[in-house]
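Comments concern the structure below.
Residue numbers (full-length UniProt numbering): 1 to 398.
This is the structure in structure tokens:
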């Protein structure tokens, strides 16, 4: 039916020939109208002038086609522009995505590197902490063992430890401080503790301890404090010493006047001999011959009383220091020098001078650094006893 409809439509459409529309004759019209020829219509007007021009529809169609073609071209151009912009945007977005991916990849790599370094640091720190924990665990184990061993320690073990401490301290007093009295007190205290234990097995220790006590008791006792105070008292008496008075020197003319012979009746030769002998005697009084076999110490002027006193004070202070330090040579040297100065520059008949000289002579007899015995025998005997006791305990525990 569509084909027949199209045919009818095609039959009805006017043909355009040379720009003019002509109507194709329809067979139906021919049938309805019959064979009557077309003639001029009745009426008073011209029907051909009332119709539009035959070329107008074609022109309209052409214009519409051109407009449609322009619109399509414009739309196509606009679509192409949109497509170009869209492609540019897509390309820009793609490049941004690629750049973002690169930056993200760099940041991820950097973050991974930081995380890896942090993990390495944490791992090394964990290893160090583990070593510290192991060390602390070992120390804790040792401390626990010591606590357990101390719990098993008897009263006798504590007493032996105290005795060992006292013996070590006594040896230190003898070797370092040179104080036999203090060392003797410590040894006697250790012997008292051993006696209270009432143990026969410590016989050898007490025997060695008794020998050390006897050796220290044989050392001469020195009253260090008393000697120090006595030196201080002598130093205080120095300011009361009196210098030797300076005798007037005889002038040379007076000495020469004694050379003249007493008698004029003697012969010339006898007078000459007598005068010669007198002159030689006077010259011997004027000239003093000093022997240089020993080193000569510079002497201070006797007139300078203050410096003499200060030097004597210094000598006695040196003797006090040597007494405290147990230095025998320095002690003797200081007292001998002070004794010589007092005997040389001060009045020998004065009571203060004699008292000082007697006090110095008495102090010179002191032995400030006596030879001390070796008291390590008791300590060695105690160590041997303790080692034997430890060995017996280990064998009993096994």
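We put the beta carbon where it would ideally sit given N, CA and C, even for glycine.
{"Query": "According to DSSP, is residue 379 part of a helix, a strand, or is it coil?", "Result": "helix"}
{"Query": "Just mark residue 56 as buried or exposed, buried being the case when its beta carbon has 16 or more other beta carbons within 10 Å.", "Result": "exposed"}
{"Query": "Looking at the secondary structure, which residues open and close the alpha helix (DSSP H) in which residue 160 lies?", "Result": "155 to 172"}
{"Query": "Which of the three DSSP states, helix, strand or coil, is assigned to residue 243?", "Result": "strand"}
{"Query": "Mind checking residue 60: buried by the 16 CB within 10 Å criterion, or exposed?", "Result": "exposed"}
{"Query": "So residue 242 and residue 347 are in contact, right, with Cβ under 8 Å, and what is the actual spacing, rounded?", "Result": "5 Å"}
{"Query": "Locate the alpha helix (DSSP H) running through residue 206, then write down its first and last residues.", "Result": "203 to 217"}
{"Query": "Under 6 Å Cβ to Cβ from residue 10, same chain only, skipping five residues before and after it: list those, please.", "Result": "In this prediction, residue 10 has a pLDDT of 42, which is less than 50 and means its spatial position is unreliable; what the coordinates show is noted afterwards. There are no such residues."}
{"Query": "Using a Cβ distance threshold of 8 Å, determine whether the segment 226 to 244 contacts the segment 337 to 357, with at least three qualifying pairs required.", "Result": "yes"}
{"Query": "For residue 346, which beta-bridge partners are listed by DSSP?", "Result": "243"}
{"Query": "With DSSP as the reference, label residue 57 as helix, strand or coil.", "Result": "helix"}
{"Query": "Only counting the same chain, and skipping five residues up and downstream in sequence, which positions put a Cβ closer than 6 Å to that of residue 364?", "Result": "335"}
{"Query": "Between the beta-carbon of residue 173 and the beta-carbon of residue 186, is there less than 8 Å?", "Result": "yes"}
{"Query": "Contact defined as beta carbons within less than 8 Å: I believe residue 239 pairs with residue 318. What is the distance between those atoms, to the nearest angstrom?", "Result": "Rounded, the Cβ-Cβ distance is 18 Å, inconsistent with contact."}
{"Query": "Alpha carbon to alpha carbon, how far is residue 177 from residue 389?", "Result": "33 Å"}
{"Query": "What's the call for residue 171, buried or exposed, on a 16-neighbour Cβ count within 10 Å?", "Result": "buried"}
{"Query": "In whole angstroms, what separates the C-alpha of residue 163 from that of residue 372?", "Result": "22 Å"}
{"Query": "Select from 306, 391, 225 and 343 the residue whose C-alpha is nearest the C-alpha of residue 322.", "Result": "225"}
{"Query": "What first and last residue would you give for the alpha helix (DSSP H) that runs through residue 362?", "Result": "351 to 364"}
{"Query": "Go ahead and pull the three-state DSSP assignment for residue 222.", "Result": "coil"}
{"Query": "If we ignore side chains and look at the alpha-carbon of each, how far apart do residue 381 and residue 202 end up?", "Result": "9 Å"}
{"Query": "To the nearest angstrom, report how far apart residue 217 and residue 184 are at their CA atoms.", "Result": "7 Å"}
{"Query": "Helix, strand or coil: which one does DSSP assign to residue 399?", "Result": "The displayed coordinates of the chain run from 1 to 398. Any statement about residue 399 would go beyond what the structure contains."}
{"Query": "Return helix, strand or coil for residue 92, following the three-state DSSP convention.", "Result": "helix"}
{"Query": "Which value, in whole angstroms, describes the spacing of the CA atoms of residue 384 and residue 209?", "Result": "14 Å"}
{"Query": "Can you give me the Cβ contacts of residue 228 inside the same chain, cut-off strictly under 8 Å, excluding the 5 residues immediately before and after it?", "Result": "320, 323 and 324"}
{"Query": "So, residue 312 versus residue 360, is the Cβ gap smaller than 8 Å?", "Result": "no"}
{"Query": "Nearest CA to the CA of residue 386: which residue from 112, 71, 69 and 156?", "Result": "156"}
{"Query": "Using only the alpha-carbon positions, how far apart do residue 214 and residue 374 sit?", "Result": "11 Å"}
{"Query": "Excluding the 5 residues preceding and the 5 following residue 345 in the sequence, name in chain order all residues of the same chain whose CB lies nearer than 7 Å to its CB.", "Result": "243, 244, 302 and 308"}
{"Query": "Taking the straight line between their C-alpha atoms, what separation do you get for residue 230 and residue 316?", "Result": "10 Å"}
{"Query": "Just how far apart, CA to CA, sit residue 305 and residue 369?", "Result": "34 Å"}
{"Query": "Quick check on the burial criterion: 16 or more other C-beta atoms within 10 angstroms. Buried or exposed for residue 366?", "Result": "buried"}
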